[in-house]
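Working notes, beginning with the structure itself.
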Amino acid sequence: MRDVIDILAGAGFTVGVSLALGSLLLRALRIRLHRFETALFAFIAGSGLLSLLVTLLCLTGTARKGVFLWTGAAAIAAAVWRGHANRIRRRTLPALPLDWLVPVALLLTALFIYYFFNAMAPEVSPDGSGYHLGNVARILRHHGFDWSFHSMYAYLSAGAEMLYLFAFAFGRHSAAAMVHFAFLCALPLLMICYGRRFGLGKASLFAALLMFGSPVVAKDGVSAYNDLVVVTVIYAVFYLLQVWDETQESNILILIGLLSGYAYAVKYTAVLTLPFAWAWLKWRHRLNWSAFAQVTIPALVLIAPWVLRNWIWLGNPVAPFANAWFPNPFYHPGMERIYVDTLKHYQGIKHWWQIPLELTLRGGLVGGVFNPALLMLPLSLLALRVTQGRRLLLTALVFAAPAWMNTGSRFLIPAAPFAATALGIGLEAIPGALPLVVAFTGLLAWPPVVSAYCDSGTWRIGEFPIDAALRKEQVDHYILKYQPDYGLKRALDLYVSPNEKVFSFAGRPDAYLDRDIVVSYESTLGNLVNDILWAPQAHPPDFRQRFRFLPVDVRAVRVTNNSTSDNFWTVAEMRVFSQEKEVPRAGDWRVSASPNPWEAPLAFDNSYGTRWSTWQAMRPRAHLEIEFPRTTRIDTVVLECEPAWDAKLQVDVRLPSGRWVPLTDSGELEKVGPPEGMRRAAARDVRLLGIRYLLVNEGDFVYEDFNKYARFWGITQLTEVNGTHFYRID
Amino acid sequence: MERTSTASTKAALCLLAALFALSVFRAATADVTPSEAWNYTRYVLPPWHDSLLHYEPNNHVLNTFLVRISTATLGRKEIALRLPSLLAGLLYAWAVWRLGRRLFSGWAFAAAVCLMMLNPLVVDALSEARGYGMAMAFWLWGLELFLQSNDEPAPHKLNLAAASLALSVAACLSFIVPVLALGPSATALLRRRMVRDFWLPMVVFLFVLLAIPLNRVLLSDFATGATSLRQTLAELTAASLAVLPVPEGVVAAAVRVALAILVLGAAVLAVRRRKGDPLLALCAATSLTGSVLLLLANRWLKVPFPQDGAIYFIPILTLSCLSLVRRHPRVALALALPCILLYAAELPVGPYREARPFAGSRDIAKALRAEAGTSLVRVAVSPPLEAILDYYRARYRQANWQTIDAKPGAPGYDFYLLTAADQPVADRLHLRIIDRTPGILLAAPIAR
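Protein chains in written order, with the working numbering: chain B, 118 to 847; chain A, 89 to 536.
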């Protein structure tokens with residue numbers, strides 16, 4: 118029971134502080150909104166301020182429960198005092214017809230109860246219990262950002278996670294999920310307010326039901342994701358632009374700017390929100406410099422912390438993206454490209470017409486399903502007849518654009534409320550259609566009914582976990598059902614000390630494992646460890662590529678690639694010879710490479726477990742270079758590698774005069790067989806990188822070799838849980 | 089309308105009451121047909137998720153949905169299976185009554201009602217749990233609502249027509265043809281805001297009814313059917329006029345010629361009379377347009393012609409013919425009477441047409457139940473009987489009929505259910521005959 122109280126208190130406190138900050142802001146800006154609108158916008162805007170506040174605390178290393186408690190209490194006290202001191206009477210929005218309001222309200226209430234218990238249940242969603250709350254837990258442990266932990270997911274803007282951190286400090290994982298749930302509930306209310314204000318009552322009721330009853334929206338909203346925060350904020354921006362259109366209050370622009378910046382702070386894919394606001398103002402012929410500043414400066418206040426954090430920490434303001442424009446040692450451009458390409462393509466879909474069916478009826482191939490009523494979206498074109506309809510459809514198109522980059526259905530959530538409202542307007546124009554479709558939508562929104570028509574593996578709310586929610590069912594038992602890797606917690610706590618890292622090929626539920634997990638694809642460190650572990654079997658350097666030339670005195674030598682290919686170019690060792698004897702490596706050699714200069718030393722470490730790689734598609738002028746401290750005579754360059762057959766390599770030397778001269782592009786390729794002892798070397802190299810523990814699934818590439826040749830690797834299996842093997846490098 | 093004659097009205101009412109009583113009797117006593125059994129075991133009995141995972145054209149969605157409700161409420165008996173069709177039969181009768189009243193009064197009206205109700209295929213459809221009767225009923229109501237809207241403009245009537253026609257398609261997907269044929273005909277006739285009041289509502293209603301059940305459908309699902317419109321008409325003719333002592337081919341040819349003349353004549357008259365005879369205009373246009381649609385679908389989309397599913401031609405062509413002679417009630421009576429007599433001669437009182445080769449299947453199932461008792465048994469069946477026996481296993485809750493395999497010739501089973509074609513198997517496997525009907529043999533190994 119204590120846990121339940123903590124969860125509700127944590128989430129409630131977060132929502133309360135958001136409301137308090139928001140109401141203070143709205144008072145300060147003197148924005149005139151209707152009564153219910155004020156509460157909703159106070160919550161949304163206030164959550165943005167709270168997110169900013171927590172971000173600043175994280176940046177300064179002061180993110181602690183006590184600080185949260187006192188700051189929050191102060192905010193609430195200030196809001197209550199201001200409220201008493203200066204009461205404002207606000208008008209109410211026009212009423213909705215009761216014969217519509219009552220049935221829709223009943224449907225929404227029934228769904229709310231179902232979702233509420235799902236949100237209260239222990240957090241077990243993949244990304245929620247993975248990086249969203251994993252980052253939150255790590256930040257709380259360190260009382261701020263952990264600058265030594267590197268993962269692409271830690272580089273993303275985390276405006277929503279800052280709210281979760283606030284709640285997590287009091288009520289842990291489920292409190293964070295409940296905060297997201299609060300946004301799930303706020304969105305349909307906001308949509309209904311919009312309908313009431315702009316004369317679209319019935320259409321907005323339908324759209325609210327459609328959104329709230331969409332399985333992917335519901336499942337996302339009861340988990341610690343951030344999509345509902347994003348869509349609610351974007352919707353709020355759109356709403357306020359309409360209000361500003363009507364009232365011309367300039368202070369509303371400040372709020373619009375704030376929320377536009379907040380949208381970016383929550384999720385990169387909302388980057389279009391601020392330009393959308395600019396474009397709107399420009400379109401309405403009111404984008405003068407004053408308006409531009411009123412929108413942009415508040416936006417920058419919320420955007421800047423994330424941009425500056427990444428720029429200073431990683432050298433890339435938009436990490437983990439655009440690494441080709443902002444090269445850095447933390448995330449390879451090639452891996453970024455692979456990651457983005459993977460997300461962009463539909464797996465298993467052969468025809469274009471399968472896409473709308475997957476998004477609305479089946480869901481198995483797109484990670485979730487919207488309500489089937491959205492298949493009637495072409496009827497939303499009937500909404501083009503009215504001004505609001507045109508605006509809604511245009512906005513839907515704008516915010517659907519980022520979905521090109523990720524085929525997951527939840528990336529269409531930002532566009533969905535606009536499309537749904539436009540559909541409602543269209544259906545309202547057809548006699549008898551809207552009530553029928555409302556009933557249809559309501560029926561198909563009910564979670565047990567969803568299970569009847571969608572694919573069985575579709576991500577959706579599939580149960581009513583009241584025992585788990587009220588903590589009558591053991592939390593560990595519940596989490597283990599959905600996250601078998603949770604069973605690793607005990608072993609990790611026992612064997613791995615808090616400042617040590619664990620490597621894993623696959624993602625794990627970081628939120629529950631109190632150790633830093635380095636995942637193979639999430640960082641350059643992860644890539645490197647993966648590469649090293651794969652080396653003995655996948656790419657042993659069993660070739661020597663020898664470039665001979667007449668002896669020449671040089672200050673530097675480099676091997677340059679002159680071809681283009683999608684493959685990476687890798688070199689395990691680069692050696693230089695003079696008269697058949699290797700020129701001994703010296704500590705004062707300066708080695709460099711392009712791209713990926715930071716890993717150039719890997720080609721000179723005398724280890725066949727490691728190798729330098731471009732980590733991106735081969736381009737001309739990629740090179741690996743040695744600069745000698747003094748003039749050195751050489752006549753051979755040898756690359757020990759797995760050959761890049763697409764590469765056209767050439768040896769250049771820098772003469773003592775400083776001029777670079779190409780010498781030869783004719784290399785002799787000799788197969789020498791894999792070096793001995795690679796397994797032990799690889800394990801040693803991984804340990805030298807600071808990683809002593811490995812988590813390997815039975816489906817992972819190295820597992821069979823680990824299992825068969827553990828002694829050669831020098832590893833010991835500590836335990837095995839549900840097919841995941843936990844090894845220590847001895 | 090002319091003043092009604094109470095005698096003819098009573099006669100028509102008596103006919104309808106008798107037909108309903110006959111339908112109820114057949115619904116309660118007739119053996120299950122292979123299609124009913126197949127639909128029940130594949131779409132009604134399994135959980136929702138399993139039945140929505142696939143779609144076949146034999147799944148008539150609305151009928152399946154209503155059968156789910158009726159069997160869940162009233163049990164698995166044949167009458168529960170057929171209850172939705174019985175009720176739809178009443179709806180059909182009501183529509184026939186109203187349309188008959190538009191055409192005639194007096195004995196011509198009664199004759200029109202008889203003609204519309206007594207066709208053997210129609211009599212089967214009034215109770216068989218397949219959805220054809222339901223589809224016809226909703227289609228006729230759509231037609232009636234169009235005519236009402238023509239009499240007195242009322243947008244809500246057009247909305248209702250849209251709902252009715254959508255329900256018709258949901259009851260039997262093949263009725264998309266007469267619906268798509270009727271819609272444009274009505275649009276041309278009424279010239280009102282048909283898009284807003286009819287077409288768009290119909291799209292919405294169709295979506296609501298069919299989006300979920302049809303979400304797995306593929307064009308290849310409609311690959312089987314008749315190879316020509318001629319074959320379709322021949323099947324309808326054979327079923328309707330089987331009692332004639334004339335070779336089938338001759339009858340079919342004669343009917344084709346007559347229908348061609350009928351349709352063309354109706355079309356010409358419809359153009360001449362135009363708004364003066366809306367029923368004729370709609371029926372004639374529907375007949376022509378429907379035929380064209382079938383031909384085009386076959387040509388462009390390679391969709392075969394309907395096989396056993398073109399029952400809609402019967403009321404459409406009957407109405408077209410009656411409309412042609414509307415102004416001559418005596419001629420109508422004279423033409424209708426021989427047809428009525430032919431229909432009456434082959435009035436089906438026993439098994440449904442599809443089930444006749446397997447008449448007595450329920451008795452055979454009971455005999456199997458008695459023989460098998462509660463022991464676990466494996467049963468081999470002739471393929472056409474597989475669905476029927478699966479139904480009776482569910483109906484009589486015989487979970488001990490462990491395996492039902494369509495391998496009539498394989499040894500090693502406890503019981504064999506064989507059609508007439510497979511009866512030599514009984515000799516070959518030296519089976520002991522337990523029970524038999526003209527179409528089915530129940531046998532078991534002698535050792536059992």
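Glycine included, every Cβ here is placed at the ideal spot set by N, Cα and C.
- In this structure, the beta-carbon distance from A:K245 to A:F234 falls below 9 Å.
- A straight line joining the alpha-carbon of A:A327 with that of A:L430 spans about 12 Å.
- Here A:P526 is exposed, its C-beta having fewer than 16 other C-beta atoms within 10 Å.
- Per DSSP, A:P243 lies in no beta strand (DSSP E); the unbroken alpha helix (DSSP H) holding it starts and ends at 243-259.
- With at least 16 other beta carbons inside 10 angstroms of its own, B:R255 counts as buried.
- Rounded to the nearest whole angstrom, the C-alpha separation of A:T161 and A:V345 is 48 Å.
- Of the candidates B:G245, B:G189, B:P552, B:E363, the residue whose Cα lies closest to the Cα of B:G624 is B:G245.
- Shown here, B:E787 sits in a strand according to DSSP, grouped into three states.
- The beta carbon of A:D309 does not come within 9 Å of any beta carbon belonging to chain B, so the residue lies off that interface.
- Closest in alpha carbon position to B:D572, among A:Y131, A:P122, A:L141, is A:L141.
- Secondary structure note for A:C371: its alpha helix (DSSP H) is the uninterrupted segment 366-389.
- Contact of A:D285 with chain B by beta-carbon distance below 7 Å involves P548.
- Counting of Cβ neighbours within 10 angstroms places B:M118 among the exposed residues, the total staying below 16.
- In the structure shown, A:T320 adopts helical secondary structure according to DSSP, grouped into three states.
- Scanning its chain for C-beta atoms nearer than 6 Å, with the 5 sequence neighbours on each side dropped, one finds around B:V383 the residues G276, A277, N343, V346, V347, in chain order.
- Following the DSSP letters along the chain, one finds B:M691 inside the beta strand (DSSP E) bounded by residues 690-695.
- For B:C758, the beta-bridge partners assigned by DSSP are B:F660.
- Non-local C-beta neighbours of A:L298 in its own chain, meaning closer than 7 Å and more than five positions away in sequence, comprise V149, A258, ordered along the chain.
- Remark: C-beta atoms of B:M691 and B:V676 approach each other more closely than 9 Å.
- The alpha carbon of B:I846 has as its nearest neighbour, out of B:T364, B:R801, B:A303, B:L167, the alpha carbon of B:R801.
- The contact set of A:A299 on chain B, defined by CB atoms closer than 8 Å, consists of L478, P489, L492 in chain order.
- With its beta carbon less than 9 Å from one in chain B, A:A250 belongs to the interface.
- Secondary structure note for B:T538: its alpha helix (DSSP H) is the uninterrupted segment 533-545.
- Taken in chain order, the whole beta strand (DSSP E) runs of length 3 or more contained in the stretch 475-516 of chain B number zero.
- In this structure, the CA atom of A:P533 is about 20 Å from the CA atom of A:S449.
- Residue burial is scored here from C-beta neighbours: A:D239 has fewer than 16 other C-beta atoms within 10 angstroms and is therefore classed as exposed.
- Under the DSSP assignment, B:Q654 falls in the alpha helix (DSSP H) whose first and last residues are 641-655.
- No Cβ of chain A is located within less than 9 Å of the beta carbon of B:Y638.
- Chain A has no Cβ within less than 9 Å of the Cβ of B:Y311.
- Bridge partners of B:M295 according to DSSP: none are assigned.
- Approximately 7 Å separates the beta-carbon atoms of B:R728 and B:A720; this is inside 8 Å, confirming the contact.
- Interface flag for B:A569 against chain A is set, since a Cβ pair is found closer than 9 Å.
- Rounded to whole angstroms, A:T121 and A:A443 show a C-alpha spacing of 5 Å.
- No Cβ-Cβ contact shorter than 9 Å links B:V700 with B:V770.
- For B:G543, the closest of B:G432, B:T504, B:E617 by C-alpha to C-alpha distance is B:T504.
- Taken atom to atom, the span from the alpha-carbon of B:T538 to that of B:S407 is near 32 Å.
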